[in-house]
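Enquirer: Residue numbering for the sequence shown follows our numbering, starting at 65 and increasing by one per position.
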Amino acid sequence: MSYLNIPIIDIHIHVHPSSPDRALPTLKAHEEVVQEIFDKTGDEAITLIATGVNGGNVKGNATHLDTPLGYYLKHKCPQKIYFFGARSRYQAHKELNTQEFYLEQAKFRHAAGCDGFKCLDGLTKIYKRLQTKVSDPALDLYHEYLEQTGLPLLMHVGNPIEMFEKGSVLYTEEPGLPTLDELYDDVTELMTKFPKMTLILPHFFFMSRDLDKAEDMLNRWENLYFDLTPNIFMYYDFNKYPDEVVRSFFTRNCHKIIYGTDTFLETNIRPIPLQVEVVRDYFEKEHSEFLSSMNIRTLPLEPDILKKMYRDNFMKLVEPKPIPVQPAYVIKECQDLLAYESCMEPHHVTLLREISDYFSSLN
Numbered sequence: 065m066s067y068l069n070i071p072i073i074d075i076h077i078h079v080h081p082s083s084p085d086r087a088l089p090t091l092k093a094h095e096e097v098v099q100e101i102f103d104k105t106g107d108e109a110i111t112l113i114a115t116g117v118n119g120g121n122v123k124g125n126a127t128h129l130d131t132p133l134g135y136y137l138k139h140k141c142p143q144k145i146y147f148f149g150a151r152s153r154y155q156a157h158k159e160l161n162t163q164e165f166y167l168e169q170a171k172f173r174h175a176a177g178c179d180g181f182k183c184l185d186g187l188t189k190i191y192k193r194l195q196t197k198v199s200d201p202a203l204d205l206y207h208e209y210l211e212q213t214g215l216p217l218l219m220h221v222g223n224p225i226e227m228f229e230k231g232s233v234l235y236t237e238e239p240g241l242p243t244l245d246e247l248y249d250d251v252t253e254l255m256t257k258f259p260k261m262t263l264i265l266p267h268f269f270f271m272s273r274d275l276d277k278a279e280d281m282l283n284r285w286e287n288l289y290f291d292l293t294p295n296i297f298m299y300y301d302f303n304k305y306p307d308e309v310v311r312s313f314f315t316r317n318c319h320k321i322i323y324g325t326d327t328f329l330e331t332n333i334r335p336i337p338l339q340v341e342v343v344r345d346y347f348e349k350e351h352s353e354f355l356s357s358m359n360i361r362t363l364p365l366e367p368d369i370l371k372k373m374y375r376d377n378f379m380k381l382v383e384p385k386p387i388p389v390q391p392a393y394v395i396k397e398c399q400d401l402l403a404y405e406s407c408m409e410p411h412h413v414t415l416l417r418e419i420s421d422y423f424s425s426l427n
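1. Which of the three DSSP states is assigned to SER424 in this structure?
2. For LEU416, does the count of other Cβ atoms within 10 angstroms reach 16, so buried, or fall short, so exposed?
3. Can you check which of these residues, LYS138, LEU426, LEU241 and LEU218, is closest to MET227 by C-alpha distance?
4. If you scan the segment 347 to 387 from start to end, which runs of the alpha helix (DSSP H) of 4 or more residues do you find wholly inside it?
5. Going by alpha carbons, who is nearest to ASP274 out of ILE225, PRO89 and PRO259?
6. Please report the distance separating the alpha-carbon of MET379 from that of ARG153.
7. Taking the continuous beta strand (DSSP E) assigned at THR111, which residues delimit it?
8. According to DSSP, is LEU402 helix, strand or coil?
9. I need the boundaries of the beta strand (DSSP E) containing LEU288, first residue and last residue.
10. Could you check whether the Cβ of HIS412 sits closer than 8 Å to any Cβ belonging to chain D?
11. From this set, LEU215, GLY177, LEU205 and LEU194, which residue's C-alpha is nearest ALA156's C-alpha?
12. Going by C-alpha to C-alpha distance, which of GLU397, ASP326 and CYS183 sits closest to THR115?
13. Am I right that GLY222 and LEU203 are in contact with their C-beta atoms under 8 Å? What's the rounded C-beta distance?
14. Hey, could you find the ends of the alpha helix (DSSP H) ALA278 is sitting in?
15. In chain order, what residues of the same chain have a beta carbon less than 6 Å from the beta carbon of ALA170, not counting five sequence neighbours either side?
16. Alpha carbon to alpha carbon, how far is HIS94 from PRO306?
17. Pick out whichever of ILE110, ILE77 and HIS80 has its Cα sitting closest to the Cα of PRO384.
18. Determine the burial state of GLU100: buried for a count of at least 16 other Cβ atoms within 10 Å of its Cβ, exposed for fewer.
19. With H, G and I counted as helix, E and B as strand and the rest as coil, what does DSSP make of ALA150?
20. For GLU366, count the other beta carbons within 10 Å of its own beta carbon; 16 or more makes it buried, fewer makes it exposed. Which is it?
21. Apart from the five residues on each side of it in sequence, which residues of its chain come closer than 8 Å, Cβ to Cβ, to HIS76?
22. What did DSSP end up calling ALA126 once you bin it into helix, strand or coil?
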């Protein structure tokens, strides 16, 4: 890959497998994939994100391993790694999902070494299943804590609009799914309650068809950002506008856009350079054979604009150096989860024990 010499921080790299029935590789394999990401991209830093999948009997199956795995990779790998921990919830005993539960969870994981948090609560099917708004009062103390500390929340909200259009390859005929407008209103309610909270909405918040509405949303709250993780449909939407309209949008709003790729730490899921190629070809090259093969024309921006989106904007939201991981907290989280090992996959139990043993050996 040949691109401009601009420092980059990728804020959107998952530490869980993309398929719930796929066995996670060894801890060593995860370390090797992290190294591969740095080798292939030349990134200055990355942000690993843990995502609580909403299933299981305790606090979400994936969450059992995601957050401890993130602590481990952040501590073990020599590169500059930020980490956004998951937001867990009880599945079988929802009455335990209190304001205090969410608040103490945020405080604990912040102390353990989280630089921010990630959740999928606004993904349309999860939103329907949870029957809980992202602005739910049970989360008020949690969001208030994030607002007070400045910790960013990377929250997936919505899906491509094509999911709601008959005839589209993504069309989903499923009753009860929230509309995009309902989700936009919910985010508006959340930000109205916590106007200083730092909220990053990935995939351009699926607003690429209406740049005026997107700009209004970005300008309404000083700490609201979109990331560029390639929902590929957004590039087709951009191409429906005259190039100068889109270029002008990014020039005006480059201080509110953040680079990310939606990479997963499994090499057999997607080739690591693919997502990078989509984003960087589009914003840097005069012509891309790769994007042209998908009928997408590029929109190269000026290097100073790209530097803000690729690196500088994120660095305004976090400390110059990632928050250090605290072994005692990680050990406690692992041991607390291992008390429910009957709810977990055996392979997950093994990895949790290995993570706990690693941090115990540091004491």
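For each residue, glycine too, the CB sits at the ideal point set by N, CA and C.
Just so it is clear, the structure is predicted and the values come from calculations on it, not from any experiment.
Expert: Reading it off the structure:
1. helix
2. buried
3. LEU241
4. 353 to 356 and 367 to 371
5. ILE225
6. 29 Å
7. 109 to 113
8. helix
9. 288 to 291
10. The structure shown contains no chain D; it holds only a single protein chain.
11. LEU194
12. CYS183
13. About 18 Å separates the two Cβ atoms, so there is no contact after all.
14. 275 to 284
15. TYR206 and TYR209
16. 43 Å
17. ILE110
18. exposed
19. strand
20. exposed
21. THR111, ILE113, LEU218, PRO266, ASP291, THR293, GLY324, THR325, ASP326 and THR327
22. No answer about ALA126 holds up, because its pLDDT of 42 lies below 50 and its placement is not dependable.
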